[in-house]
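The block underneath contains the structure these notes are about, expressed in structure tokens.
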Amino acid sequence: MFNKPINTILKAQFDTIHSEAVQTAEQDFKTNVLNKIENLEHFDKFKFLITEENRIKDLIDKNKHPYYVKNHSSGDWLLSQFSSRHFLLNVDEFAELKEAIYLGKINSLIHKRVSDLKKQIPKFTYNDFLSGKECKYLITYDNQYNIEKEDYYKMVTWQSDRLIKVVSYEVELLVKNHQEYCSKIDEPLEFLNQQIQILEEELIESLNDAKEIKEILSKLFAFKDFDIDSFNDELLVYNYPSFFNDRIEFRRLNPSTIGKVLTKLSSEPKTLFSNEYMVFYTLDVFLSWLKDIVKGKSIQQPFKYPVWEDLLNQKIKEAENELQPKIDEIQDFVFDSVKSKKEIRNYLRNEFEKQIDKYNTIEEKQIFYLLRDENKNPLISDFKINALFNNEEEEYLKNLKEAYILQNISWHISLTFNEVFDSKTIYFKKDTTSHLMILSLTKDMVLDKELSIELDEAMDSFFKEMYTTSLPLDIHFYNHREKYSRIFEKSITRLQGVLDYAEPNNKVLYIQSRLKELRHRELKFRNLLGRKKDLKDKEDKYPNLFKEFLTIEAEFIKETVQIFPVTLLPNQTDPLLLEKETDSFKTFVNQEKQDYILKILEDLAITKDGVYNLGDRSKGTVRGVIEALREEHIIPKLSLKRLCDIIANQINLELKSKLDWSNTSDDYHKKAKQYIKDNPLH
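Residue numbers for the sequence shown follow the numbering used here, beginning at 969 and rising by one.
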């Protein structure tokens, strides 16, 4: 068996597991999904599927092996990931593999069904919206509706503009009314503090009784001469959470829900006039003014919101004025006849990287999407919302100015480079697909959940930023390449740590299997190169780096295979010797570690008369502790079964069945890790 690559050794068993998992998922999908939605209306079908999809996604998020879930349908890829972990970590993950494939498959089946139903959602237009119609898909879900992009942004602009008009008018009105009242009383600050106390301490998030909410609101001076009973109880409770949420529920605002409020606004009312859908937004913003007064701002200081469009346009004008000298500087350097092509190329690349560095310091990258020409109205609305509700007027304008300058300079550099060097890219010709090669190579290493999530996030952020920002692609390719390069380095470093503690035979088999794959790949590439000249210089560096790493490991094993145990340092144990001596605790840890391990088991497991009397299920306790010890490098990463056997013998473990150590107690694994953290060995 061991003259075969590790993928081949496991393939038959892997294929059986894969087939069984897929069949189970397909059957469950038919029984628990398709049969249940067969006679439902479209929206109810859709609702059921979305709920089920979210349930499965929660299970996937909790799963320890997202790399198995994600690649459930990619047989060869999945097998490589599985075999690397199986041989180097010496773990039996067939049950976990089956569960992950099941989750991936059933998630895929549900997602496809959701996608098919999504195409059947009735179209909703801006005119429908204005006429008072409601789209229950839009109201219920964030991204599940059938609306043209242009119509969607018209709706969002309508909603945000109306909300801003009502809330800003009401807040200015409330401030004026409170200022007038405060000018007539002896203790205005005490009065304003009482208003704050009602808003912050009595209006608590857990309230869900309309009568109680109305009683509290009626205590506020803001509701003087306002008929609290005009509020609908059900709608009041429905919209009450908006007072606490950072997110604005724009979808609730339409001509049907706030039409009457807009009519009242047109008559310039002198008292509070908004309804259940808007009143809590007004109170939230007004609370900010109250807090400013308590912090020291003058009560009678005139209060009026600025014309936000003017502030926005003024800041863009400032950006344009600062931008032009920098563009002139670039032009002067590039078109200076004294400068060589090499100097110009290096100069443009250095200037471009300065813009990349600035781009990476900007947290809210949505600003680059809003800077697109077609998004002028959404940009204005977004600024108004942030200025009014988040009190971030200055910060927003500062970021806007930086983003505007960055966007224009980076495009100028990119277009200038193209003009001078007749190249569409500033950097990449050979390694434009390095990220895909790195992704492919990580499957041949030892993936864990953290690395898998990091890989997914890198890819997601790349596509999201590439399609939503208005910047040259070279910025995204550069960042993406750097991210994946760091992931490759991290993967190699972790693989090194795993190899250092892997069982010798398994380590050799893994290294030779992966080297064989890499050499076959080289052979195929050379064969293609002979037929396709355009592939010249297209070879990626990362397979060669991985090959060199494995070759170094293989040479080390070859050169040290004859070294005898006498050359080992104190407290070190020859792995080959440990393979033979499986009945002695002292063969792999010193006395201090022995005492420490027994203390953990003593503290975490229950003993009776000094004997650990555990059934099959409870043996997961011991294995959980041992796994934690291996991860913290307190005991070597040798065979779990062998380590469990040794320690079971040491603690006189009475077994009620065969020595089956296949299951781990997650609870005790976590407890052991925490114990080690709280009670370090040294």
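For each residue, glycine too, the CB sits at the ideal point set by N, CA and C.
So, are the CB atoms of residue i and residue j less than 8 Å apart?
i     : j     : result
S1481 : P973  : yes
L1221 : L1141 : no
E1426 : K1451 : Correcting the residue type first, residue 1426 is Ala in the shown sequence and not Glu. In this structure, K1451 lies closer than 8 Å to A1426 by Cβ.
L1280 : I1348 : yes
W1257 : V1134 : no
L1167 : L1255 : yes
I1018 : Q1088 : no
A1371 : F1336 : yes
K1066 : A989  : yes
R1340 : S1438 : yes
Y1070 : T992  : yes
A1068 : N1031 : yes
Y1478 : D1442 : no
L1467 : N1058 : no
V1253 : L1356 : yes
E1433 : K1333 : yes
K1369 : K1283 : yes
I1455 : I1381 : no
I1614 : F1553 : yes
L1085 : F1014 : yes
I1602 : L1649 : yes
L1566 : I1619 : yes
S1151 : K1352 : no
K1417 : P1034 : yes
L1056 : V1414 : yes
N1359 : I1330 : no
Within the continuous alpha helix (DSSP H) that includes residue i, where are the two ends?
i     : result
P1156 : P1156 to Q1165
N1075 : F1062 to K1086
A1190 : Per DSSP, A1190 belongs to no alpha helix (DSSP H) and is neither H nor E.
I1115 : Careful: I1115 lies outside any alpha helix (DSSP H) and carries neither H nor E.
K1641 : D1634 to D1646
E1169 : Where E1169 is concerned, there is no enclosing alpha helix (DSSP H), given that its DSSP letter is neither H nor E.
W1379 : E1361 to F1389
I1612 : The sequence as given places Cys at residue 1612; Ile does not occur at that position. Its alpha helix (DSSP H) spans residues L1608 to Q1618.
H1403 : S1402 to T1410
R1053 : G1043 to L1056
G1588 : K1587 to E1599
T1019 : H1010 to K1030
E1342 : Where E1342 is concerned, there is no enclosing alpha helix (DSSP H), given that its DSSP letter is neither H nor E.
F1097 : Y1094 to L1098
Q995  : I974 to F997
S1262 : Position check: residue 1262 holds Val in this sequence, whereas Ser was assumed. First-last of the alpha helix (DSSP H) with V1262: V1247 to V1262.
K1464 : Checking the displayed sequence, the identity of residue 1464 turns out to be Gln instead of Lys. Its alpha helix (DSSP H) spans residues L1441 to Y1469.
M1413 : Here M1413 belongs to no alpha helix (DSSP H), and DSSP marks it neither H nor E.
Q1299 : W1276 to V1302
Judging by CA-CA distance, which residue of the options is the nearest neighbour of residue i?
i     : options                       : result
T1589 : D1571, E1370, T1632 and E1311 : T1632
G1264 : L1157, D1252 and R1219        : L1157
L1106 : F1357, S1048, E1217 and I1644 : E1217
Q1299 : I1615, Y1315, L1071 and V1205 : Y1315
S1402 : K1509, N1289 and Q995         : K1509
E1471 : R1610, H1040 and R1487        : R1610
R1487 : L1513, K1475 and N1473        : L1513
N1207 : D1197, E1521 and A1178        : A1178
I1689 : N1474, P1604 and W1629        : Any answer about residue 1689 is impossible in this case: the structure gives the chain only from 969 up to 1650.
S1420 : L1008, E1006, L1046 and E1009 : L1046
K1568 : D1646, N1617 and K1309        : Reading off the sequence, residue 1568 comes out as Ile, not Lys. Comparing Cα positions, the closest option is D1646.
K1295 : K1182, I1373, L1649 and F1241 : In the sequence on display, residue 1295 carries Ile and not Lys. Closest by alpha carbon: I1373.
E1485 : S1048, E1418 and E1202        : S1048
Q1411 : F1517, Y1036 and S1429        : Correcting the residue type first, residue 1411 is Lys in the shown sequence and not Gln. Closest option to K1411, Cα to Cα, is Y1036.
N1200 : S1210, T1239, K1182 and R1215 : K1182
S1042 : S987, E1138, F1194 and D996   : S987
W1082 : E1138, F1011, L1365 and D1197 : Trp is not the amino acid found at residue 1082; the sequence shown has Val there. The candidate whose alpha carbon is nearest that of V1082 is F1011.
N1343 : T1436, D1563, Q1268 and K1307 : T1436
Problem - the stretch 1071-1082 contacting the stretch 1011-1029, beta-carbon criterion three pairs below 8 Å - result: Taking 8 Å as the limit for Cβ pairs, the verdict is that the stretch 1011-1029 does touch the stretch 1071-1082.
Practice task
Say whether the stretch 1272-1286 touches the stretch 1342-1357, bearing in mind that this needs 3 or more beta-carbon pairs closer than 8 Å, one atom from each stretch.
Solution key: Here the stretch 1272-1286 makes contact with the stretch 1342-1357; the two share three or more CB pairs at distances below 8 Å.
Practice task
Report yes or no: do three or more beta-carbon pairs, one from the stretch 1173-1192 and one from the stretch 1222-1234, lie closer than 8 Å?
Solution key: The count of Cβ pairs closer than 8 Å, one atom from the stretch 1173-1192 and one from the stretch 1222-1234, stays below three, leaving the stretches out of contact.
Exercise for the section: May I ask you to verify whether the stretch 1051-1061 touches the stretch 1461-1481, counting CB pairs closer than 8 Å and requiring at least 3? Expected result: Yes: at least three Cβ pairs fall under 8 Å.
Practice task
Give a yes or no on contact between the stretch 1085-1101 and the stretch 1114-1123, applying the rule of three or more CB pairs nearer than 8 Å.
Solution key: Yes: the two stretches touch, three or more of their Cβ pairs being nearer than 8 Å.
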